[in-house]
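Quick notes on the structure that follows.
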Amino acid sequence: MTITRRAVVRGLGIGMSMPFMARPAMSQAAGLMARSIPKTGEALPLVGLGTWITFNVGDDSVLMDECAAVIAAFFEGGGRMIDCSPMYGSSQPTIGHGLARIGYPERLFSAEKVWISDTSGGAAQIEASREHWGVARFDLMQVHNLVSWDEHLPALFSMKASGRLRYVGITTSEGRRHREIEQVMASEPIDFVQITYNILDRAVEERILPLAQEKRVAVIVNRPFRQGDLIRRFEDAPLPDWVAETGARSWAQFLLKFIISHPAVTCAIPATTRVDHVRENLEAARGILPDEKLRKRMTAYVEAL
Amino acid sequence: MMAEWATYTLADFLMFSPRVYFRLVERYNQGLWPFQLVFIAGALAVLFATATDGRRARAAAMATLSVAWFFCAWQFLWLRYSTINWAMSYGTAAFMLQSGLLLLAILWTDRAALPANSLRRRGGIGLMVFGLLAYPFLPLIAGRAPASAESFGTMPDPTAAVTLGALVAFLSQKLWLLLPIPLLWCAFSALTLLAMEDFGAWAPFVVILTTFALLLVRR
Ligand SMILES: NC(=O)c1ccc[n+]([C@@H]2O[C@H](COP(=O)([O-])OP(=O)(O)OC[C@H]3O[C@@H](n4cnc5c(N)ncnc54)[C@H](OP(=O)(O)O)[C@@H]3O)[C@@H](O)[C@H]2O)c1
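As given, the protein sequences belong to chains A and B, one line each in that order.
UniProt numbering numbers the first residue of the first sequence as 1 and each following residue consecutively.
UniProt numbering numbers the first residue of the second sequence as 1 and each following residue consecutively.
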């Protein structure tokens, strides 16, 4: 198979040949590929940082410092978005610890969630989260797993209107409640939706990703590695040499490149406890993104494994 | 269409890594050492109480168990475990409740005659010995650091095992009030260890099964 006929999407954002592809723009820092948040045009690097399990380390100072090193490497490598939730144990204070250590980089894009069924407690929960992070305000507040979304959203929109938030979103994962997600996307003026998407879990390709493009909703992708399972599953299989042209040098990068090459995706948020892994993951947002044909080939390859 | 709950796996409920959990246990143990020995001594008193028919001894045993539950609730669940698992605020409340129930049980032991059933009694003692003496060696077969050992009075699982053993061995009334929390804890713990793929998960399962088996034996 030759490469010549393959329309490759260049990381520089120029030389884009596929009209349906959203154009990744250059991120200021470190040359990571980025896509714009549709409603504002603000650029986000295609790879962010998740914190579920990995940053829940309690008051273990050794592990807190390890996480701080991951956060430092994330910003050094040009990252912006960190995603967390009050559900994630001590992850919020761990983020605060890591950010304080590097002096709260301006590039930080803070993505938090509100997760409480009694919505009268929403404001207090958001305030507690803010104190843990130590930021003046959150960039993005998402209704976690659609919990009481119909009551939380009006409160979040009014926080946004008064400048206490910049963006509003909703989340789900592992294919749950997609009908409801679509309903919210269609009827509410949300800026972000967060869903699970990876090379084996592609249900969102059918309706949610096209809807996001139509409604100009930014898409955050969670569980890019199915919590590491995909990497463990594939790591013994050879990485096909035909992905080398994209710059992917590991399974993690293969999997991430598949995700972020979908034009509706704004940012994937792999979680890690390791500095080498955070660097490797950010690297996936460099080089070249696979085009449609290569994406099909990637899918076929892993499905045959 | 699959029901939403059917999309969850055991691992979805685990909110920390095994590494974080066992480091937490190790740091807790190191901080307490050699206090664990005090509880082991206390537990031997409980064993002695079970073996004798003395009512005072049995009352002291209930009091010791109550202190053990209180200590686990306060020092482990509340101050340590809840830093990585928010559900432990409920766990703490349940352990405090059990501690209170065990104090009340002092009254009931006074009035209660020992279960006439000797197999049940011996089985209960066996469960206690298991919780006391076998539990701390679990890391050896689970392939963990010895510092992650769980001992009676400081860690919930052996405390629940010893308590269940003591209850089936010598409490003949109001058992239905005292058994649910330790049994539910063992189930929770077994599932947590299973989700962490820790070999030690069999221990709380065995404790549950043994307790039910002893409750069913008639003689
Ligand atoms: N409903 C929701 O809102 C929702 C649900 C699920 C997830 N999320 C968000 O999405 C984020 C990501 O999902 P996730 O944490 O479930 O799973 P994930 O990002 O798919 O996988 C994380 C696992 O992959 C491993 N890993 C990361 N980079 C690697 C690399 N380069 N090479 C090898 N292994 C690597 C990590 O282990 P190491 O530590 O060893 O690197 C970690 O165990 C979450 O952290 C959370 O922020 C949101």
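Glycine is no exception: its CB is placed at the ideal position from the N, C-alpha and C atoms.
As the structure is a prediction and not an experimental result, all values here were calculated from the model.
Between which residues of its own chain and residue i is the CB-CB distance below 6 Å, once the five residues before and five after are set aside?
{"i": "T119/A", "result": "S148, E151, H152"}
{"i": "P18/B", "result": "M196"}
{"i": "E235/A", "result": "W251"}
{"i": "G123/B", "result": "L214"}
{"i": "S189/B", "result": "D157, P204"}
{"i": "L156/A", "result": "M141, V168"}
{"i": "W202/B", "result": "none"}
Please confirm whether any heavy atom of ligand 1 lies closer than 7 Å to the CB of residue i.
{"i": "I269/A", "result": "yes"}
{"i": "R202/A", "result": "no"}
{"i": "D236/A", "result": "no"}
{"i": "H277/A", "result": "yes"}
{"i": "K113/A", "result": "yes"}
{"i": "F225/A", "result": "yes"}
{"i": "S89/B", "result": "no"}
{"i": "E205/A", "result": "no"}
{"i": "E180/A", "result": "no"}
{"i": "T52/B", "result": "no"}
{"i": "N281/A", "result": "yes"}
{"i": "S85/A", "result": "yes"}
{"i": "W52/A", "result": "yes"}
{"i": "T94/A", "result": "no"}
{"i": "A147/B", "result": "no"}
{"i": "Q194/A", "result": "yes"}
{"i": "G143/B", "result": "no"}
{"i": "A252/A", "result": "yes"}
{"i": "R274/A", "result": "yes"}
{"i": "N56/A", "result": "no"}
Could you check the C-alpha separation between residue i and residue j for me, to the nearest Å?
{"i": "L133/B", "j": "G165/B", "result": "13 Å"}
{"i": "G287/A", "j": "C186/B", "result": "51 Å"}
{"i": "S27/A", "j": "M141/A", "result": "Its pLDDT being 42, under 50, S27/A is placed unreliably in this model, and the value from its coordinates should be taken loosely. Computed Cα separation, rounded: 23 Å."}
{"i": "L289/A", "j": "G31/A", "result": "14 Å"}
{"i": "F71/B", "j": "V20/B", "result": "22 Å"}
{"i": "A29/A", "j": "P238/A", "result": "For A29/A, the predicted model reports a pLDDT of 48, less than 50, meaning its position is unreliable; a value from the coordinates is still stated below. So the alpha carbons of these two residues sit roughly 32 Å apart."}
{"i": "Y81/B", "j": "T52/B", "result": "36 Å"}
{"i": "A93/B", "j": "A6/B", "result": "29 Å"}
{"i": "L102/B", "j": "Q92/A", "result": "37 Å"}
{"i": "A105/B", "j": "L79/B", "result": "27 Å"}
{"i": "A61/B", "j": "F39/B", "result": "12 Å"}
{"i": "P38/A", "j": "W242/A", "result": "32 Å"}
{"i": "E245/A", "j": "A136/A", "result": "42 Å"}
{"i": "Q30/B", "j": "Q227/A", "result": "31 Å"}
{"i": "A128/A", "j": "K215/A", "result": "32 Å"}
{"i": "N198/A", "j": "P240/A", "result": "18 Å"}
{"i": "A304/A", "j": "T266/A", "result": "28 Å"}
{"i": "R6/A", "j": "F258/A", "result": "At R6/A the pLDDT is 34, less than 50, meaning the model places this residue with poor confidence; the figure from the coordinates comes in the next sentence. About 15 Å."}
With a CB to CB cut of under 7 Å and the five nearest residues on each side skipped, what residues in its chain are close to residue i?
{"i": "F130/B", "result": "A161"}
{"i": "Q125/A", "result": "P86, V114, I116"}
{"i": "F16/B", "result": "I84, N85"}
{"i": "G50/A", "result": "D83, N222, I269, P270, A271"}
{"i": "Q253/A", "result": "E280, E283, A284"}
{"i": "L209/A", "result": "V219, H262, A264"}
What residue from the options has the CA that sits closest to residue i's CA?
{"i": "M87/A", "options": "G124/B, F13/B, A43/B, F170/B", "result": "F13/B"}
{"i": "L37/B", "options": "L10/B, G153/B, F170/B, Y28/B", "result": "G153/B"}
{"i": "A72/A", "options": "V57/A, D60/A, L46/A, R107/A", "result": "R107/A"}
{"i": "M81/A", "options": "P93/A, A43/A, P38/A", "result": "A43/A"}
{"i": "residue 316/A", "options": "P270/A, A284/A, R279/A", "result": "Residue 316/A is absent from the model: chain A starts at 1 and stops at 305."}
{"i": "T211/B", "options": "T109/B, T9/B, D198/B, P180/B", "result": "P180/B"}
{"i": "V67/B", "options": "M155/B, L193/B, L194/B, Y28/B", "result": "M155/B"}
{"i": "G98/A", "options": "H178/A, S187/A, H132/A", "result": "H132/A"}
{"i": "S118/B", "options": "L104/B, M96/B, L77/B, L171/B", "result": "L171/B"}
{"i": "V219/A", "options": "F74/A, R177/A, I181/A", "result": "I181/A"}
{"i": "G96/A", "options": "G78/A, V70/A, R232/A", "result": "V70/A"}
{"i": "R121/B", "options": "F22/B, R23/B, V217/B", "result": "V217/B"}
{"i": "P224/A", "options": "I260/A, A111/A, L156/A", "result": "I260/A"}
{"i": "F75/A", "options": "S110/A, S187/A, M64/A", "result": "S110/A"}
{"i": "Y24/B", "options": "R35/A, M64/A, G41/A, G48/A", "result": "For clarity, residue 24/B is Leu in the given sequence; the question names Tyr instead. With distances taken between Cα atoms, L24/B lies closest to M64/A."}
{"i": "A63/B", "options": "A87/B, V207/B, Q98/B", "result": "Q98/B"}
{"i": "F138/A", "options": "N145/A, M159/A, R101/A, T171/A", "result": "M159/A"}
{"i": "I125/B", "options": "E26/B, V207/B, A145/B", "result": "V207/B"}
{"i": "Y104/A", "options": "V193/A, G121/A, G79/A", "result": "G79/A"}
{"i": "F55/A", "options": "M298/A, A300/A, V217/A, R274/A", "result": "R274/A"}
{"i": "R77/A", "options": "E66/A, E206/A, V278/A, G163/A", "result": "In the sequence under discussion, the amino acid at residue 77/A is Gly, which differs from the Arg named in the question. Nearest option by C-alpha distance: V278/A."}
Excluding the five sequence neighbours on either side, which residues of its own chain have a C-beta within less than 8 Å of the C-beta of residue i, listed in chain order?
{"i": "M128/B", "result": "A43, V46, L47, T50, A161, V162, G165, A166, A169"}
{"i": "D59/A", "result": "S90"}
{"i": "G100/B", "result": "S66"}
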